[in-house]
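Reading through the structure tokens given below for one structure.
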Amino acid sequence: MFVELPPSETGLVTENRYEDPRMKNELYQEFETSSIGTGVAIGDYDGDGRPDIFVVTKTKGCRLFRNLGGYRFEDVTAKAGVGAEPGVWNLGATFVDINNDGRLDLYVCRFNAPNLLFVNQGDGTFKEMAHQYGLDVVDSSVMAAFADYDRDGYLDVYIATNVLNAAQHPDGQRGYLFHNNRNGTFTNVTDQAGIGGPSQSHSATWWDYDNDGWPDLYVANDYGFPDKLYHNNRDGTFTDAVDRALPHTSFSSMGADLGDVNNDGRIDFFSADMAVLSHEKDQHDLATARARQEDPKTPGTAPKYNHNALLLNTGTQRAAEAAYLSGLSATDWTWSPLFEDFDNDGKLDLFITNGFPRDPGIDVQHRLMSAESPVERVKIMYASPPRVERHLGLRNLGDLRFEDASEAWGVDKRGISFGTAVGDLSGDGNLDIVYINYEGGVTIMRNDEGSAHRVNVYLRGTASNRFGVGATGWPKVENTSQRVPAEFVGVPCIPTEPALPLKIATAGACSGLELFVT
Numbered sequence: 133m134f135v136e137l138p139p140s141e142t143g144l145v146t147e148n149r150y151e152d153p154r155m156k157n158e159l160y161q162e163f164e165t166s167s168i169g170t171g172v173a174i175g176d177y178d179g180d181g182r183p184d185i186f187v188v189t190k191t192k193g194c195r196l197f198r199n200l201g202g203y204r205f206e207d208v209t210a211k212a213g214v215g216a217e218p219g220v221w222n223l224g225a226t227f228v229d230i231n232n233d234g235r236l237d238l239y240v241c242r243f244n245a246p247n248l249l250f251v252n253q254g255d256g257t258f259k260e261m262a263h264q265y266g267l268d269v270v271d272s273s274v275m276a277a278f279a280d281y282d283r284d285g286y287l288d289v290y291i292a293t294n295v296l297n298a299a300q301h302p303d304g305q306r307g308y309l310f311h312n313n314r315n316g317t318f319t320n321v322t323d324q325a326g327i328g329g330p331s332q333s334h335s336a337t338w339w340d341y342d343n344d345g346w347p348d349l350y351v352a353n354d355y356g357f358p359d360k361l362y363h364n365n366r367d368g369t370f371t372d373a374v375d376r377a378l379p380h381t382s383f384s385s386m387g388a389d390l391g392d393v394n395n396d397g398r399i400d401f402f403s404a405d406m407a408v409l410s411h412e413k414d415q416h417d418l419a420t421a422r423a424r425q426e427d428p429k430t431p432g433t434a435p436k437y438n439h440n441a442l443l444l445n446t447g448t449q450r451a452a453e454a455a456y457l458s459g460l461s462a463t464d465w466t467w468s469p470l471f472e473d474f475d476n477d478g479k480l481d482l483f484i485t486n487g488f489p490r491d492p493g494i495d496v497q498h499r500l501m502s503a504e505s506p507v508e509r510v511k512i513m514y515a516s517p518p519r520v521e522r523h524l525g526l527r528n529l530g531d532l533r534f535e536d537a538s539e540a541w542g543v544d545k546r547g548i549s550f551g552t553a554v555g556d557l558s559g560d561g562n563l564d565i566v567y568i569n570y571e572g573g574v575t576i577m578r579n580d581e582g583s584a585h586r587v588n589v590y591l592r593g594t595a596s597n598r599f600g601v602g603a604t605g606w607p608k609v610e611n612t613s614q615r616v617p618a619e620f621v622g623v624p625c626i627p628t629e630p631a632l633p634l635k636i637a638t639a640g641a642c643s644g645l646e647l648f649v650t
């Protein structure tokens, strides 16, 4: 169903190099900091009806590729003025209409350097204005998740952070919540909003888990740092509800995504871990570390377990766990999970990128424990081989059952890949996949599914929230209903996709279609 397109054919040529020598010495704080992946964003920045691609590389700046049609792209980075200087570590990017003018802007997260905000000038160029907007955060920014949390029609933003300086911040970093003042500026409201505690994030996702129409916020944290589920109190403040709302979370939470996986009209949530797919790999990786962990079953708290979490929205303000039931409890060293209906059968499938720049297996861990200095630890880690893994395409069979369709779909590539974005790059109604690779370029997987009927619905606000970010649609076709979000928020380094349509797929013709949007 998917065909990989070569860069020589698409013109999407870039390199995601990790060649900064500081990764191995003075800027080395945690190995994972220099190994965190980068992102890719899809959005129609020039309004010509064809989704364009923005690529973030670790040390070589960023690239903007304009869609020329027919899966051909033109590098317009210099012309558009969105390159970002090389040498600074770049992480995630988000297409967003920051000022409600109907044009997509770009927000870029960076490590230990001011984040960038490229404001679309409407003539094919952008102007960097992060400082003017108050969004030039200097931290270990991983990704930015936009949503209208106070429902005033203007998009606010949560900025997720990871490790910046382990010596200065042994308890982790903090994320940031910024309120949109509706006048071209943002205010840091983190403290007064009740957003607090240590954070070592790979993703942040706005998820209305209690179905009250107000976006809540899930912050996925790596290792032992507790995940956060901030309940929206509807007054500009939030309360962490993770213990009362969730049965458990993943332990080393990585990427996350949301969607109605069982077509019951409620939005569910998936958080990826590093749980492996074979007993042999488990013994190599996590068995010893898991045995050393304390019993997580603390009364009154949501424990963290070393496997993925599929949290079903029950409509009762208390989620149910279904990762093992659905066959999604382990997906290897996962970075980017994305729920999308790739085969147009009306059910959300799951695509996952995997891999890690080094293999931190048990033998490497033993050598690290005996290392006599930080310098020796770095040498040990960089001498370990890369962890090349298979990417996964998991087909939704219905009734909370998924099957591994990776080989059948042609997405079972082996590599080390990070951020992922999806979009209908050709306008044929099929969602294509774009992801970024470690020490490599960008992969485009063309979706050639052609047997099903589908309708793409693009939401457009007339005065505020011009791209309908956060809207929810209830399509009704042939006496069946499916509730799907109009925007899909991803994992470390994956952006909100305001240009992605609300897609409706049916086995038969789409006559008699009704669509309800809030």
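For the record, in the sequence shown the residue sitting at position 14 is 146 according to our numbering, with numbers rising by one throughout. Cβ atoms here follow ideal geometry from the backbone N, Cα and C, with glycine treated the same way.
Below 8 Å on the Cβ atoms is my contact criterion, and I expect residue i with residue j to pass it. Report the Cβ-Cβ distance as a whole number of Å.
i: A377; j: Y341; result: 6 Å
i: R314; j: Y290; result: The Cβ separation is near 18 Å, so there is no contact.
i: M386; j: A407; result: In fact, because the Cβ distance is near 10 Å, the residues do not count as touching under 8 Å.
i: L444; j: L460; result: Actually they are not in contact, since the Cβ atoms of L444 and L460 sit about 11 Å apart, beyond 8 Å.
i: L361; j: A352; result: Rounded, the Cβ-Cβ distance is 10 Å, inconsistent with contact.
i: N569; j: G547; result: 6 Å
i: G204; j: T257; result: A small fix is needed here, since residue 204 is Arg in this sequence, not Gly. At roughly 22 Å, the Cβ-Cβ gap does not stay under 8 Å, so R204 and T257 are not in contact.
In three-state terms, what does DSSP make of residue i?
i: Y456; result: helix
i: Y548; result: The sequence given here places Ile at residue 548; Tyr does not occur at that position. Coil, per DSSP.
i: Y514; result: helix
i: Q324; result: helix
i: V295; result: coil
i: F163; result: Reliability fails at F163, whose pLDDT of 49 lies under 50, so the model's placement of it is uncertain and no value is given.
i: C625; result: Residue placement at C625 cannot be trusted, given a pLDDT of 26 that sits under 50; the coordinates are not used to answer.
i: R242; result: strand
i: E619; result: Low confidence applies here, because E619 scores a pLDDT of 35, under 50, leaving its location unreliable; read the following figure in that light. Reduced to three states, the DSSP call for E619 is coil.
i: E147; result: coil
i: E571; result: coil
i: R154; result: helix
Could you give the residue range of the beta strand (DSSP E) that holds residue i?
i: T650; result: Premise fails: T650 is in no beta strand (DSSP E) and is neither H nor E.
i: T142; result: No beta strand (DSSP E) contains T142, which is instead part of the alpha helix (DSSP H) from 139-142.
i: D375; result: Careful: D375 lies outside any beta strand (DSSP E), inside the alpha helix (DSSP H) at 374-377.
i: N440; result: That residue, N440, is in no beta strand (DSSP E); it is neither H nor E in DSSP.
i: E472; result: 466-472
i: K360; result: 360-364
i: F483; result: 481-486
i: F402; result: 400-403
i: Y350; result: 349-353
i: D491; result: From DSSP, D491 is part of no beta strand (DSSP E); its letter is neither H nor E.
i: F357; result: Careful: F357 lies outside any beta strand (DSSP E) and carries neither H nor E.
i: D389; result: 388-391
i: R527; result: 524-530
What is the residue span of the alpha helix (DSSP H) that residue i lies within?
i: W541; result: 538-541
i: D580; result: Careful: D580 lies outside any alpha helix (DSSP H) and carries neither H nor E.
Taking only heavy atoms of the ligand NAP into account, decide whether any of them is closer than 7 Å to the Cβ of residue i.
i: G573; result: Absent from the structure shown: the ligand NAP. Ligands present: none.
Candidates the options: which alpha carbon is nearest residue i's?
i: G307; options: T317, A212, H380, D323; result: D323
i: D271; options: Q332, P153, E571; result: Q332
i: N222; options: L238, D233, R242, A603; result: R242
i: I687; options: F550, G326, P379; result: This structure does not reach residue 687, given that the chain is present from 133 up to 650, and the question cannot be answered.
i: I168; options: G266, V295, E217, E141; result: V295
i: G326; options: E147, P517, N364; result: N364
i: W339; options: F278, G213, N320; result: F278
i: G219; options: Q253, K190, E453; result: K190
i: H334; options: D237, S382, L529; result: S382
i: A292; options: T209, A388, R235, N252; result: A388
i: G582; options: M155, H311, G561; result: G561
i: D288; options: G254, L309, Q305; result: L309
i: E147; options: R598, Y567, H585, M577; result: Y567
i: A336; options: G316, G329, D359; result: D359
i: A441; options: A454, D348, R450; result: A454
Can you find a C-beta in chain D that's less than 8 Å from the C-beta of residue i?
i: G256; result: The question asks about chain D, but that chain is absent: this structure has only one protein chain.
In chain order, each alpha helix (DSSP H) run of at least 4 residues that lies wholly inside the segment 165-232
209-212
Quick check for students: name the residue ranges of the beta strand (DSSP E) that lie wholly in the segment 249-286, counting only runs of 3 or more.
258-260, 270-279
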